[in-house]
Amino acid sequence: MRFLMMHRIDESDPQAWNPSPEFVEKMGGFIQESAEKGILITAEGVHKSDKGALVRKPRGAAIRVTDGPFAEAKEVIGGFALINAADRAEAVEFARRYVELFDMEIEVEVRQVVEFEDLQQG
Numbered sequence: 001m002r003f004l005m006m007h008r009i010d011e012s013d014p015q016a017w018n019p020s021p022e023f024v025e026k027m028g029g030f031i032q033e034s035a036e037k038g039i040l041i042t043a044e045g046v047h048k049s050d051k052g053a054l055v056r057k058p059r060g061a062a063i064r065v066t067d068g069p070f071a072e073a074k075e076v077i078g079g080f081a082l083i084n085a086a087d088r089a090e091a092v093e094f095a096r097r098y099v100e101l102f103d104m105e106i107e108v109e110v111r112q113v114v115e116f117e118d119l120q121q122g
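The numbering of the sequence shown is UniProt numbering, which starts it at 1 and goes up by one.
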């Protein structure tokens, strides 16, 4: 099964956008090990929200685009990973190992990816 992990961080925390060399090394090792074991499919960090946009389509209304930064959100998505796991418990354990790498507040949402076969079940 595939699982999407999205991590949220406090956008105002300078540490979130300027990782230490030690953190980069620790994260690099974790990513390499996870990829070699066939767990990690892909993982990326993203830029601050001031380089992003929100595209919304309210029901029955026109599409709206809002440029970042997103003032209404204290926490923003800082990155994502797509992993292979046998089940939700294994995906959550991977997320636990991932958050242990950080020395700041972080939240990771773990969601199972809908596979085509899931849609074929009656």
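Note that CB positions come from ideal geometry on N, CA and C, so glycine has one too.
Using beta-carbon positions only, say whether residue i and residue j come within less than 8 Å of one another.
| i | j | result |
| --- | --- | --- |
| Glu-117 | Ile-9 | no |
| Ile-39 | Ile-83 | yes |
| Ala-81 | Met-1 | no |
| residue 125 | Gly-79 | Since the first and last residues shown for the chain are 1 and 122, residue 125 lies out of range. |
| Ala-91 | Val-108 | no |
| Gln-112 | Phe-3 | yes |
DSSP state of residue i, grouped into three classes?
| i | result |
| --- | --- |
| Gln-32 | helix |
| Asp-103 | coil |
| Phe-70 | coil |
| residue 138 | Given that the chain is displayed from residue 1 to residue 122, the structure contains no residue 138 and the question cannot be resolved. |
| Val-24 | helix |
| Val-46 | coil |
| Ala-53 | strand |
| Glu-109 | strand |
| Ala-91 | helix |
| Arg-59 | coil |
| Ala-81 | strand |
Can you check which of these residues, the options, is closest to residue i by C-alpha distance?
| i | options | result |
| --- | --- | --- |
| Ser-49 | Ala-35, Ser-34, Arg-64 and Trp-17 | Trp-17 |
| Ala-53 | Val-110, Ile-63 and Phe-70 | Phe-70 |
| Asp-13 | Ile-106, Gln-120 and Gln-112 | Ile-106 |
| His-47 | Lys-37, Glu-22, Val-114 and Glu-11 | Glu-11 |
| Thr-66 | Ile-31, Val-55, Glu-72 and Ser-20 | Val-55 |
| Val-88 | Gln-32, Glu-44 and Val-110 | The displayed chain sequence assigns Arg, not Val, to residue 88. Closest by alpha carbon: Val-110. |
| Ile-31 | Glu-72, Ala-43, Ser-20 and Arg-59 | Ala-43 |
| Arg-97 | Glu-22, Gln-15 and Glu-33 | Glu-33 |
| Lys-37 | Val-114, Ala-85 and Pro-21 | Ala-85 |
Next on the checklist: With a threshold of 8 Å, are at least 3 pairs of Cβ atoms found where one atom belongs to the segment 90-109 and the other to the segment 15-28?
Outcome noted: The segment 90-109 is in contact with the segment 15-28.
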